[in-house]
Amino acid sequence: MRLLYLLLLISIISCKTNPEKPIDIETKPEPVLGVVEKNAMVVSAREEASKIGRDILKKGGNVFDAMVATEMALAVSYPYAGNLGGGGFMVYRKANGETGAIDYREKAPLAAFKDMYLDKNGDPIPEKSQLGSMAVGVPGTIAGIFEVHQKFGTLSIKELLTPVVQLAENGYVITEKQEKRLQHFKELFIETNNDTILYAKTYKALDTIKNPMLAATLNRIIKNGRDEFYKGETGQKIVDYIQSKGGVITMEDLNKYEAKWRDPVQFTYKNLNVISMSPPSSGGVCLAQIMKMIEPYDLSTYGHNTLKSIQIITEAERRAYADRSFYLGDPDFVKIPIDTLISDAYLSGRMNDFNLEKATLSSDLSYGSIPGYESSETTHYSIIDQFGNAISVTTTLNGAYGSKLYVPELGFFLNNEMDDFSAKPGTPNMFGLLGAEANAIAPEKRMLSSMTPTLVEKDGELWMSVGTPGGSTIITSVLQTILNVKEYEMTMQDAVNAPRFHHQWLPDVVIFEPDSFDKNVLDSLKLKGYKTNEEETRVIGKVDGILVLPDGSLEGGADKRGDDTAIGF
Ligand code: GLY
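In the numbering used here, the protein residues as written are 1214 to 1782.
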């Protein structure tokens, strides 16, 4: 089957030779196919998590059961971003075509206030919103998984979490990438916690890390349910630890936390229907804006990562991120004109001043006018089950290991999501993103996100589940992955591996993954007035996705940039 698909793909590509296409078919590498399975697929940042998710499906559980287990398995084996102390978003599409989304984003504590990260001169203190107890938002992940389980789960929480407890007890083997990351953050862990912690020990690749404290926490959650985290012993330990380090989160904050079901953003792009996350994530709105702005251009003729394609995508990104910074925030606090922002009428006007001869300067561009009115250290997983249900989930602590604050007695890190608020309108956050009043801090408000868990239908049928970590680069990485398959006819695996670039309005620079782009293209961009940078980042995004192949089987694409793994059956 795999071979057949590969042959079919090669023949499609060979037949479609287009003289205008600046791609030399002779030298184009053969397509690489990811893992292909007939029934179900889980793709996540860790083999252990993908395997636990797959086992739940094999046992007869559905995609939502697998979500609960995979999310917690990532918290054990990928503490860099997998979490109990953070939050996330999930978009789903059931086999019957019904769609929806859940928001388990963190919230500002009741004691939060607008200028809480400003010094006496009114300047932001970045460490305060990024490191330690004051950076922590009220966590949403446990509320999220219990809400999903209550609505759609079929197996018991005990059945779902027991393999995760075993993983924490028996340990997981660390990879070379993990060894490097832990080494890199070791001093910061000790400094932030004023003590050593499990993850501040020196580890080498192939060592096993066991986390009995996290196993005990999970066992209490199995026994006492969601309330263990928000009202019980675990919650009290979180609050005591945060307050002992000078933080302001209280039991009342935990008691009041609720995950929220939201309507996803939906829009069409040619024969695709894209279903993505709505505010408080900016992901779906920005993705819709960019895709609708580039839809009139024939990217497949221009070719992948060619001058014209990069210009068109960059200019659409510039305009979408300018709008993001002004209009988007928590929809429970600010009125967002979503319908207008993603309408053809508004978006065609936004591209009016675009011209292929010369870059638009970000300083000449602001948010669009609407009458009456503004880490890369996250993780993503995609799952499609044997019943045809699909989910796309992105979850985060924000920065690497979040605030670096680790509750030793509970075995997990706490987020630093408060940095995703706009601490001072007009001043960039850790991703260089600017925000305005719409994303100002207020008690109980959710901070704006870029997470873009996305499902795509083609001709009315489920076609793709996709998402990525990457802070502000999440949206543009998801965009390029969808385009890679739709416009440039790549396999899922090639689409997630392909080199990426990113632009976000301000700073006015286009970043490229190093040594991956044609030097002539980069030189031509500079001549047209684009500021380019290949040093800014080693990788842009770490995309995981699943593609439904023409015969109904599933291709998992696990990004080569990480330890990501696709496992199915
Ligand atoms: N913390 C990254 C994001 O939510 O966009």
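The beta carbon of each residue, even a glycine, is placed where N, CA and C say it ideally should be.
Nothing here was measured: the structure is a model prediction, and the numbers come from that model.
Residue pairing by DSSP puts D1757 in a beta bridge opposite G1680 and A1771.
Put simply, of T1553, S1595, E1622 and L1740 the residue whose alpha carbon is nearest the alpha carbon of L1569 is L1740.
When secondary structure is reduced to three states using DSSP, F1600 falls in the coil class, being assigned neither helix nor strand. Inclusion of G1684 in the 8 Å shell around ligand 1 follows from its C-beta lying nearer than that to a non-hydrogen atom of the ligand.
For M1303, the enclosing beta strand (DSSP E) has its first and last residue at G1300 to R1306. It is roughly 46 Å from the alpha-carbon of K1333 to the alpha-carbon of N1710. Minimum Cα-Cα distance from A1324 among the listed residues A1651, L1427, E1726 and M1464 corresponds to M1464.
Secondary structure within the region 1696-1741: the beta strand (DSSP E) runs of 3 or more consecutive residues, fully enclosed, are 1723-1725 (chain order).
In the three-state reduction of the DSSP assignment, A1655 falls in the coil class. By the beta-carbon neighbour count (other beta carbons within 10 angstroms, threshold 16), S1690 is buried. DSSP, read as helix, strand or coil, puts V1620 in strand. Where I1338 is concerned, there is no enclosing beta strand (DSSP E), because DSSP gives it neither an H nor an E. Under the three-state reduction of DSSP, G1781 is assigned to strand.
Distance from the C-beta of T1609 to the nearest heavy atom of ligand 1 is below 8 Å. Residues of the same chain with a CB within less than 8 Å of the CB of G1562, apart from the 5 flanking positions on each side, are G1581 in chain order.
Distance check between Q1391 and each of L1374, L1419 and Q1379 places L1419 closest, using alpha-carbon atoms only. For the pair of segments examined, the region 1512-1528 was found not to touch the region 1448-1462: the number of CB pairs separated by less than 8 Å stays below three. Cβ atoms of L1368 and I1265 stay farther apart than 8 Å, at about 13 Å.
In the structure shown, R1475 adopts extended strand secondary structure according to DSSP, grouped into three states. The residue from A1294, T1283 and R1318 with its alpha-carbon nearest to that of M1631 is R1318. Excluding sequence positions up to five before and after A1533, its CB lies within less than 6 Å of the CB of C1499, Q1502 and I1503, all in the same chain and listed in chain order. If you draw a straight line from the Cα of P1656 to the Cα of Y1330, it is about 14 Å long. Between R1531 and Q1717, the C-beta gap is smaller than 9 Å, which places the two residues in contact. In the three-state DSSP reduction, A1356 falls in the helix class (H, G or I).
Straight-line spacing of the CA atoms in G1448 and P1322 works out to 14 Å. Less than 9 Å divides the Cβ of E1747 from the Cβ of E1726.
In the three-state reduction of the DSSP assignment, L1661 falls in the coil class. Beta-bridge partners of V1351 (DSSP): K1320. By alpha-carbon distance to P1666, the top candidate from T1640, D1577, N1642 and I1596 is I1596. In this model, M1564 and V1620 are separated by some 49 Å (Cα to Cα). With a cutoff of 8 Å, T1778 does not count as near ligand 1, since its C-beta is closer than that to no heavy atom of the ligand.
Comparing C-alpha distances from T1553 to each of L1344, F1480, G1601 and T1514 shows the shortest one belongs to F1480. Following the DSSP letters along the chain, one finds N1611 in no beta strand (DSSP E), marked with neither H nor E. For E1768, the distance from the CB to the nearest heavy atom of ligand 1 is not below 8 Å. For N1486, the pairing in a beta bridge is given by DSSP as T1481 and E1670.
By the neighbour-count criterion, in which a residue is buried when 16 or more other Cβ atoms sit within 10 angstroms of its Cβ, K1658 is buried.
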